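The block underneath contains the structure these notes are about, expressed in structure tokens.
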Amino acid sequence: MKGGVEPTSAGYKEWDVVCQALAAGRQHILLRKGGIHEGRKGFSFKHERFYLFPTRFHAQGEQVRKSFGNFAPEGAGEWEEGDEILVQWWCEASWACTLTDWQDVAALEPFHIWTEELVRERYDCGEVQRIHCALVRVFALRVPLKLSYKKKYGGCRTWVDLPFPPPGDPAPVVPHDEFAKVRAEVEQVLGS
Numbered sequence: 004m005k006g007g008v009e010p011t012s013a014g015y016k017e018w019d020v021v022c023q024a025l026a027a028g029r030q031h032i033l034l035r036k037g038g039i040h041e042g043r044k045g046f047s048f049k050h051e052r053f054y055l056f057p058t059r060f061h062a063q064g065e066q067v068r069k070s071f072g073n074f075a076p077e078g079a080g081e082w083e084e085g086d087e088i089l090v091q092w093w094c095e096a097s098w099a100c101t102l103t104d105w106q107d108v109a110a111l112e113p114f115h116i117w118t119e120e121l122v123r124e125r126y127d128c129g130e131v132q133r134i135h136c137a138l139v140r141v142f143a144l145r146v147p148l149k150l151s152y153k154k155k156y157g158g159c160r161t162w163v164d165l166p167f168p169p170p171g172d173p174a175p176v177v178p179h180d181e182f183a184k185v186r187a188e189v190e191q192v193l194g195s
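Note that my numbering has the sequence shown beginning at 4, numbered continuously upward.
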């Protein structure tokens with residue numbers, strides 16, 4: 004630490020249910036339209052490496068496909084100031100792009116747990132039909148980090164600054180060969 008400045012890293016706010024699916028190797032992409040507090044330029048995957056910051060709200064389980072409802076925490080309300088949050092995963096984005104063709108977005112269904120209705124709603128939201136997509140490799144922290152929830156982590160924004168340095172040696176949640184296969188499948192679907 005130089006000059007008394009704490010090291011920080013980016014945190015990507017995502018539903019707890021999605022974080023669980025990513026950690027289980029069941030989801031491999033992030034789809035984001037952007038929150039109302041993303042600023043004038045809107046949302047972008049501006050960080051290639053980041054912690055997953057789990058968010059909660061009561062209806063998460065209803066917005067994922069039924070076969071993945073087991074990832075949804077039961078009775079979990081929104082975080083309240085002072086609640087302890089476990090930050091358990093680190094992500095590396097292999098690539099990010101903006102999708103403007105609904106057929107491409109719909110074809111990604113095998114790689115995420117959201118309902119088609121939710122993804123379509125996000126895609127259609129705003130003046131331009133589009134959604135941002137990133138293929139991510141997820142790593143489990145050897146020791147989860149604990150964080151006390153503060154109001155500054157709330158609101159409709161994707162990125163938050165977390166008071167942690169990047170992790171030293173996280174473990175991939177899926178083996179390299181399996182992730183390479185998923186990457187090839189996603190890129191084939193998108194014609195990349």
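Cβ atoms here follow ideal geometry from the backbone N, Cα and C, with glycine treated the same way.
These figures come from a predicted structure and were not determined experimentally.
| task | State the Cα-Cα distance for the pair S47 and T118, rounded to the nearest angstrom. | result | If you take the alpha carbons of S47 and T118, they lie about 22 Å apart.
| request: Put W117 into one of helix, strand or coil per three-state DSSP. | output: Looking at W117 - three-state DSSP - the assignment turns out to be strand.
| Looking at the structure shown, is Y152 part of a helix, part of a strand, or coil, going by DSSP? | DSSP, read as helix, strand or coil, puts Y152 in coil.
| field | Where the alpha helix (DSSP H) containing Q91 begins and where it ends | value | Element bounds for Q91: not the alpha helix (DSSP H) but the beta strand (DSSP E), 87-102.
| Rounded to a whole number of angstroms, what is the C-alpha to C-alpha distance between R123 and Q66? | Cα to Cα, R123 sits roughly 12 Å from Q66.
| request: Taking 7 Å as the cut-off, decide whether the C-beta atoms of G85 and F56 are in contact. | output: For G85 and F56, no; Cβs fall outside 7 Å.
| request: Would you grab the beta carbon distance between R59 and T161 for me? Rounded to a whole angstrom, and I think it's under 8 Å. | output: Not really, about 16 Å apart at Cβ, beyond 8 Å.
| said: Quick check: what's the CA-CA separation for V177 versus E130? | reply: Counting only the Cα atoms, E130 lies some 37 Å from V177.
| task | Return the bridge partner residues of P175 from the DSSP annotation. | result | Beta-bridge pairing links P175 to F142.
| field | Residue of W82, S97, A109 minimising C-alpha distance to K155 | value | Taking only the C-alpha atoms, the option nearest K155 is W82.
| field | Residue closest to K153, alpha-carbon to alpha-carbon, out of R140, I116, C22, L165 | value | Closest by alpha carbon: L165.
| message | Measuring only the C-alpha atoms, how far is L25 from V185? | response | For the pair L25 and V185, the Cα-to-Cα distance works out to about 13 Å.
| said: For W13, report the span of its beta strand (DSSP E) as first-last. | reply: The residue you asked about is not Trp; residue 13 is Ala in the sequence shown. That run of the beta strand (DSSP E) goes 12-18.
| query | Hey, how far is the Cα of V139 from the Cα of L89? | reply | CA-to-CA, the gap between V139 and L89 works out to about 20 Å.
| request: Measure the alpha-carbon distance for R29 versus G157 and round it to whole angstroms. | output: For R29 and G157, the distance between alpha carbons rounds to 27 Å.
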